[in-house]
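My numbering numbers the first residue of the sequence shown as 1460 and each following residue consecutively.
Using N, Cα and C, we set each Cβ at its ideal position, and we do this for glycine too.
Data block below; observations after.
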Amino acid sequence: MARFHTAMNFSLAAAAVASALNSWAAPVPLKENRDEKTSIQKVEVNGSAADYDARRDDTASKIVVGAEEILRYGDSNIAEVLKRLPGVTVSTGRGGSTDIRLRGLGAGYTQILLNGERAPAGFSFDQLSPDAIERVEIMRAASAEFSAQAIAGTINIVLKKAVRTAQRELKATAGRGNDFSQGNGIFTLSDKDGNFSYSAVLTLNRLNFHWLKLIEDNGTDARGQANLLRESESNEVGRLENLNLAPRLNWTLPNGDTLTSQNFIASNRYRVVATVDSRTVFGAPQDFDGTANDVQIRNDFYRSDLNWMHKLAGGGKLDTKLGLNANRNSNAMRQTGALRGVPGLDRQVDSLSRERGYTFTGKYSTPLVPGHALSMGWDGADSRRDDTRVQREAPLPGARPANMDEDFAADVRRLALYAQDEWDFTPRLSIYAGLRWEGLETGSHGSGFEPISSRSSVFSPVLQTLWKIPDTKDQLRAALTRTYKAPATTALIPRRTLAANNTQNTPDFRGNPALKPELALGLDLSYEHYWAGTALLSASGFVRKISDYTRQELLLENGRWVQTSVNDGSAVARGVELEAKFPLKAVMETAQAVDLRASVSRNWSRVDAVPGPYNQLNQQVPLQATLGVDYKSADGVVTAGGSFIFKRGGVSRISTEQSSFVTAKRDLDVYFLYKFTPRHALRLSIVSALAEDWLEEYTYADPRGSLRRNSLAPGAAQFRAGLEWKL
């Protein structure tokens, strides 16, 4: 620990000294800066900034999605935007939980960043309004500049920065479906006054919902004879209210430096009453045939970044950022249970968590050697979380009250150092090389367990190449990477979370302080064919070799089923992806202004410690296909389009005894925008127009018998109508 603290202190001190020394360097006169910048642009983008395409021209591969595409469907949150992007899979569960995946992998394999940094605890990307976003970057291969916790890839969400013109815009949207109603309001304000500019996005949202799920439990004995049939109905009725404010202030200083303050404030209120009513047709009864959870959650989040960019002589630049964040989350839950109408459980659980921390990042870049873009930097963070949990149970007849007073504190420190260089080896061959070291230290202490500490560090070399094939518009890319997946702090704490009805398919959960990071070696290859301006055809493939794979283990301890995470062996993931996007005029000169896009992703994986078949990694999505069409009238008054998404389901083996199954999923979203005037518009959209039901199944089987749980969530289309005013 002392070595880690010394390294971190040394890094921060070195950054401060470098900043002070570099600030003494005389800045290049403004005219020279302009001339030099123009010269660099001529080399890098062959003419003008308008011709620059990050996906086509950058050596480090990435897909960039701009604001126009982000706002096209009038989505209420960023998850709805991401699900239509190539290679991205989004699963939204009842109650609002969202799983975002690349390569079909989520749960920590896909890294999601906000302005290039890992989002602090307490922040949910569902809170982020698309109107506050400037662009989304999808990086399938790792980059030394960003965290290497990206085995499947990275999605970087960049908030709006530049203020080009004054803007005052108001949007009001109402949505409704069979099981929900929603109201949403967004106010955007921006302006510029000389060397000062500002922008702010205020979002108000209210959601009322009633989620229904039908559950069936089936059991067999050792001879395969049916010994259990239970039918249950789950209802979740509640509301979600949130307020988000994202102000940004920019100053351009007399010496050409820039100072930026970026803030994000979120306040959320969540109330849900979740009931489960069961009927055992035959077989052993549950502890409770009726349960109810009345949950009230209040979450307040604040994040503030101060960014200073200092220009140096010779075209160099020092970019530093200090960030502060705080989060408060309170949860009050009353849990009751009854058997044949007789109360058997009355539990009140009140919990409170507070987290605060800071980040300090910096990047020094210089065109020191002709043909090279050299940069190096650091990324440090320190956070502390304090949790308290009080549980009280009523002394009901036949019950044994389990009263608990628990508290724990966790400290997480992270430090990363990196260097990278992009080298134009020839006009058609460029090479990107980088090296990143990341150190992570976690310590925790509290009631009910001994103090624990975990320390890990990873060296992550990265090599990417881009070769533009002579006399064509085709190009080849290749990347070699080393990435990792660190266990979540909650997965390390050996505290048990209890389930009301404890079974193999609804077990308790306990953390494992001995968990180690998963390490992965990766190879990415891609071929890209550009034609007819923005038209693109591409084919890509990847493979990841993972060691110290983390799987879920189910144990029977003192008559209760407990699930915990363990490192067990290795795994391999691989896949291919095809993508096409082009204007219809590229193949039909007389066609309307219609843009077409399509992509298909096929993924495979194998976990060595789990017997096959179907021993996929992390319930990987095996196949996804997307087809989209967008139309814009010649006068720009009408814009319309649609997007169809297909996700194949199937069986996934979790362990020797456990498996899961999900049905295929088909989604159709459509939108229509009509501009009454340049300042007034009506937007209509339908989300999940096919309203398909969602079926999932979990099975536990051993020599003593089996238990299978089927859950069916009825589908529902969502209709939305919104008005947009530019004031």
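Which one or two residues does DSSP pair with residue i in a beta bridge?
{"i": "R1969", "result": "R1955"}
{"i": "K1695", "result": "As written in the sequence, residue 1695 is Glu, which differs from the Lys given in the question. In DSSP, E1695 forms a bridge with W1670, A1733."}
{"i": "A1751", "result": "T1734, T1795"}
{"i": "M1863", "result": "Q1850"}
{"i": "Y1532", "result": "Partner(s): none; Y1532 has no beta bridge."}
{"i": "Y1568", "result": "In the DSSP output, where bridge partners are listed per residue, Y1568 has none listed."}
{"i": "K2124", "result": "K2106"}
{"i": "E1690", "result": "E1675, R1738"}
{"i": "Q2011", "result": "S2024"}
Which first and last residues belong to the beta strand (DSSP E) in which residue i is found?
{"i": "R1728", "result": "1717-1741"}
{"i": "I2104", "result": "2097-2106"}
{"i": "A1772", "result": "Run containing A1772: none; DSSP gives neither H nor E here."}
{"i": "N2142", "result": "Note that residue 2142 is Arg in the sequence shown here, rather than Asn. Residues 2139-2146."}
{"i": "A1998", "result": "1994-2006"}
{"i": "A2032", "result": "2029-2042"}
{"i": "I1592", "result": "1592-1598"}
{"i": "I1537", "result": "It is not in any beta strand (DSSP E) - I1537 instead sits in the alpha helix (DSSP H) that spans 1537-1541."}
{"i": "K2185", "result": "2177-2185"}
{"i": "N2062", "result": "2053-2066"}
{"i": "N2074", "result": "Where N2074 is concerned, there is no enclosing beta strand (DSSP E), given that its DSSP letter is neither H nor E."}
{"i": "L1618", "result": "1612-1618"}
{"i": "D1805", "result": "1801-1825"}
{"i": "Q2117", "result": "2117-2121"}
{"i": "E2048", "result": "Premise fails: E2048 is in no beta strand (DSSP E) and is neither H nor E."}
{"i": "D1585", "result": "Segment: none, D1585 is in no beta strand (DSSP E) and carries neither H nor E."}
{"i": "I2113", "result": "Taken as a continuous stretch (DSSP letters only), I2113 belongs to no beta strand (DSSP E), as it is neither H nor E."}
{"i": "I1626", "result": "Looking at the sequence shown, residue 1626 is not Ile but Gln. 1626-1636 is the extent of the beta strand (DSSP E) around Q1626."}
{"i": "N1574", "result": "Here N1574 belongs to no beta strand (DSSP E), and DSSP marks it neither H nor E."}
{"i": "R2019", "result": "2019-2026"}
{"i": "A2084", "result": "2082-2091"}
{"i": "D1558", "result": "1557-1561"}
For residue i, which of the options has the nearest alpha-carbon?
{"i": "N1694", "options": "A2172, Q2177, S1602, L2186", "result": "A2172"}
{"i": "A1832", "options": "D1517, S2170, Y1511", "result": "D1517"}
{"i": "L2141", "options": "G2101, S2165, A2148, V2097", "result": "V2097"}
{"i": "L1798", "options": "A1858, P1886, W1837", "result": "A1858"}
{"i": "V2031", "options": "K2044, S2006, S1997, G1612", "result": "S2006"}
{"i": "P2070", "options": "G2108, E2116, P1920, N2062", "result": "E2116"}
{"i": "T1569", "options": "G1981, K1944, I2145, Q2011", "result": "K1944"}
{"i": "D1778", "options": "K1927, A1785, A1791, D1764", "result": "D1764"}
{"i": "D2027", "options": "S2114, A1791, R2163", "result": "S2114"}
{"i": "T2009", "options": "N1784, A2176, Q2075, V2035", "result": "Q2075"}
{"i": "D1638", "options": "S2144, N1786, A1772, F1668", "result": "F1668"}
{"i": "G1683", "options": "S2165, A2175, F2178", "result": "S2165"}
{"i": "S1824", "options": "D1590, I1529, R1843, Q1879", "result": "Q1879"}
{"i": "R1895", "options": "V2129, T1942, R1954", "result": "T1942"}
Can you name, in chain order, every residue of its own chain whose Cβ lies under 6 Å from the Cβ of residue i, other than the five neighbours on each side?
{"i": "T1924", "result": "I1890, A1937"}
{"i": "E2183", "result": "K1630, A2140"}
{"i": "N1766", "result": "T1719, K1780"}
{"i": "N1709", "result": "S1656, T1719"}
{"i": "R2168", "result": "D1676, N1964, Y2157"}
{"i": "R1851", "result": "Q1807, N1862"}
{"i": "G2108", "result": "V2121, T2122, A2123"}
{"i": "E2012", "result": "T2023, V2025"}
{"i": "E1987", "result": "Q1934, S1997"}
{"i": "V1622", "result": "S1649, K1651, S1656, S1658"}
{"i": "R1793", "result": "D1753, Q1807"}
{"i": "V1696", "result": "H1669, V1732"}
{"i": "N1784", "result": "P1579, R1762, G1816"}
{"i": "S1640", "result": "N1667"}
What residue range is occupied by the uninterrupted alpha helix (DSSP H) comprising residue i?
{"i": "A1526", "result": "1526-1529"}
{"i": "R2163", "result": "Segment: none, R2163 is in no alpha helix (DSSP H) and carries neither H nor E."}
{"i": "L1984", "result": "Unbroken run through L1984 is the beta strand (DSSP E), 1977-1990; no alpha helix (DSSP H)."}
{"i": "R1514", "result": "1513-1516"}
Grab me the residues of residue i's own chain with a C-beta within less than 7 Å of its C-beta, minus the 5 sequence neighbours each way, in chain order.
{"i": "T1557", "result": "A1538, V1549, T1551, D1585"}
{"i": "R1577", "result": "S1606"}
{"i": "K1932", "result": "H1988, Y1989, W1990"}
Ordered along the chain, which non-local residues of its own chain (more than five positions away) have a Cβ less than 8 Å from that of residue i?
{"i": "T1949", "result": "G1970"}
{"i": "R2163", "result": "D1680, A1681"}
{"i": "D1866", "result": "D1845, D1846, T1847, R1848, G1905, S1906"}
{"i": "L1541", "result": "V1547, V1549, I1559, V1595, I1614"}
{"i": "L1855", "result": "P1802, G1803, L1804, D1805"}
Considering only residues of the stretch 1886-1966, which uninterrupted beta strand (DSSP E) runs meet the minimum length of 3 residues and lie entirely inside it, listed in chain order? 1888-1905, 1908-1927, 1933-1944
Write down every uninterrupted run of the beta strand (DSSP E) in the stretch 1640-1670 whose length is 3 residues or greater and which is fully enclosed by it, in chain order. none
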